Structure formats: structure tokens, C-alpha cells
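Chains as they are written, first to last, in the numbering used here: chain A, 160 to 272; chain B, 5 to 117. Take a look at the structure below.
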Amino acid sequence: GQQLNQNPQSMFIQEGEDVSMNCTSSSIFNTWLWYKQDPGEGPVLLIALYKAGELTSNGRLTAQFGITRKDSFLNISASIPSDVGIYFCAGQLRETSGSRLTFGEGTQLTVNP
Amino acid sequence: NAGVTQTPKFRILKIGQSMTLQCAQDMNHNYMYWYRQDPGMGLKLIYYSVGAGITDKGEVPNGYNVSRSTTEDFPLRLELAAPSQTSVYFCASSYSGTQNTIYFGEGSWLTVV
């Protein structure tokens, strides 16, 4: 089946620093999604990308849909303590029989004040 | 605004017992999903449904069953609980599979001992 490699697995940064993480796939997706999960809660959608090459921002977050449709990047600028959590990429392949997400294994972000 | 509601939040099962995780959504979404999340891992799709009366297997369906008798409800059944089914289970829903947001419930923590 489809697999996503998400890097890095964990990051320890100082407040105010910028953060970059990425996902690569062995196959093509037609949608890329980035989620954040806080402890004890379900994932919450941050950014959705629908077209190859698309660059989308949501506040301090910026994500890009790779040209090859096999990768995506998420950047967080000027990190703050509440950015702490696990960030997941997810590739979505829209099929006639349904729409399923394949998740990366997550990037655990720790922000030191 | 209930969104996706899962019950129970926590449950401990003995090996061989059966139980049902309940999931309900009040957004009139036609697609519903069940994922499991193991520690330090991303989410794996167990089963999904594109509408009432229709269900399909995901990546890891073994040991589980689902039904979708109504648009609102999508229960997940474990017939003979095994330690390997210790995990966090997330129910999710969305409109049709194209360009839309998948909303997650808050999760159900299941331990099989």
C-alpha cells in the first residue's frame, strides 16, 4: 500500500525559531493535508492542499504541495509554546469508491520558552 | 456543535471479550471512518463507509467489524479482543471524498489485558 515518510520524527527548538518538516510518498496523491494533534485529542486540520505546486498559508503556517505530487512541506514561522504537539501529514487519494487518508508517522514538536 | 462524538473515552477489556465503540456525527456527512493510532505512529484506517448501508475495509480491518445502518452512526465492533488491539481509536467523518475536511472525534483509549 501507499507509504508516507515524515521527517523529522521529532524537533526541539527555541521559541521564536522557524520550523520545517516534510513528507514524501512512494506514490502520487491528489490532496495533501497537514494536521496537528494535541495530547488526548483528535487531529485537527491545519492546511489542505489540492493542486501540485500550491502554496498555502494559515497564519504562521505555510504548506506546499510538491510538483511531483509525491511530497509536501510544512513550515512554521516564529514558533511559540502553543505550537507544541504532533504534526501529521496525510495524503488523500480521491477514488470513485471513496476517499481515504494515508498518514505519516508524525513529527513531535517541542518548543522551549 | 457536537461534531463527531465517540464513546467510551476509555475502556479496559480482557482478552477474548467483545465490545462496541460508538461513533455519531451530526453534520450530515456521508463518509465516515475508523482509524487506530498506536504509540508514536500515525493513524491507520480500519474501515470506512461512503454512505448508509455501505462499508469497506481499510488498511488494518482484521479483528474488527462495522455497520452503517444510518447516516449518523458508525459503530466499530471488536469480537474477540486481543492485546494487539490496545490502541487509541479515532472516528472521523466528511462530506463526499473530494476536496473537503475530515473531522475527527476526540478518541477512545482501549487497553486489552
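Backbone N, C-alpha and C fix where the C-beta goes; we use that ideal spot for every residue, glycine too. Computed from a prediction, not measured in an experiment: that's the story for all the values here.
Contact residues within the stretch 207-221 of chain A, judged by C-beta distance below 8 Å to chain B: A207 and Y209
Look at A/S184 and A/Q267 and say whether their C-beta atoms are less than 8 Å apart. As a position in the first sequence, residue 184 of chain A is number 25, starting the count at 1. As a position in the first sequence, residue 267 of chain A is number 108, starting the count at 1. Contact flag unset, no.
In three-state terms, what does DSSP make of A/D242? If you number the first sequence from 1, residue 242 of chain A lands on position 83. Correct three-state label for A/D242: helix.
CB-CB under 7 Å to A/D197, same chain, minus the five flanking residues each way: which ones, in chain order? What you label residue 197 of chain A is simply residue 38 of the first sequence in a count that begins at 1. Closer than 7 Å at Cβ, skipping near neighbours: G244.
Could you please give the first and the last residue of the uninterrupted beta strand (DSSP E) stretch that includes A/D230? If you number the first sequence from 1, residue 230 of chain A lands on position 71. First-last of the beta strand (DSSP E) with A/D230: D230 to I235.
Using 8 Å as the cut-off, can you tell me whether the stretch 104-115 of chain B makes contact with the stretch 6-19 of chain B, which would need three or more C-beta pairs spanning the two stretches below that distance? The stretch 104-115 of chain B vs the stretch 6-19 of chain B: in contact.
Return no unless some Cβ of chain B is closer than 8 Å to the Cβ of A/P240. Here residue 240 of chain A refers to the residue found at position 81 when the first sequence is read from its first residue. No, its Cβ sits nowhere closer than 8 Å to a Cβ of chain B.
Along the beta strand (DSSP E) that carries B/R40, what are the first and last residues, could you check? As a first step, residue 40 of chain B must be located in the second sequence, where it is residue number 36. Start and end: Y35 to Q41.
Thinking just about the alpha-carbon of each residue, which of A/A249, A/V270 and A/L204 is nearest to the one in A/K229? Residue 229 of chain A sits at position 70 when you count from the first residue of the first sequence. The candidate whose alpha carbon is nearest that of A/K229 is A/A249.
Strictly under 8 Å for the Cβ-Cβ distance: is A/L205 near chain B by that measure? Taking the first sequence and counting its residues from 1, one reaches residue 205 of chain A at position 46. Not an interface residue.
Proximal residues of chain A, C-beta to C-beta of B/F108 below 7 Å: Residue 108 of chain B sits at position 104 when you count from the first residue of the second sequence. What B/F108 touches in chain A: G201 and P202.
Okay, do the stretch 171-178 of chain A and the stretch 223-237 of chain A touch, 3+ Cβ pairs below 8 Å being the bar? yes
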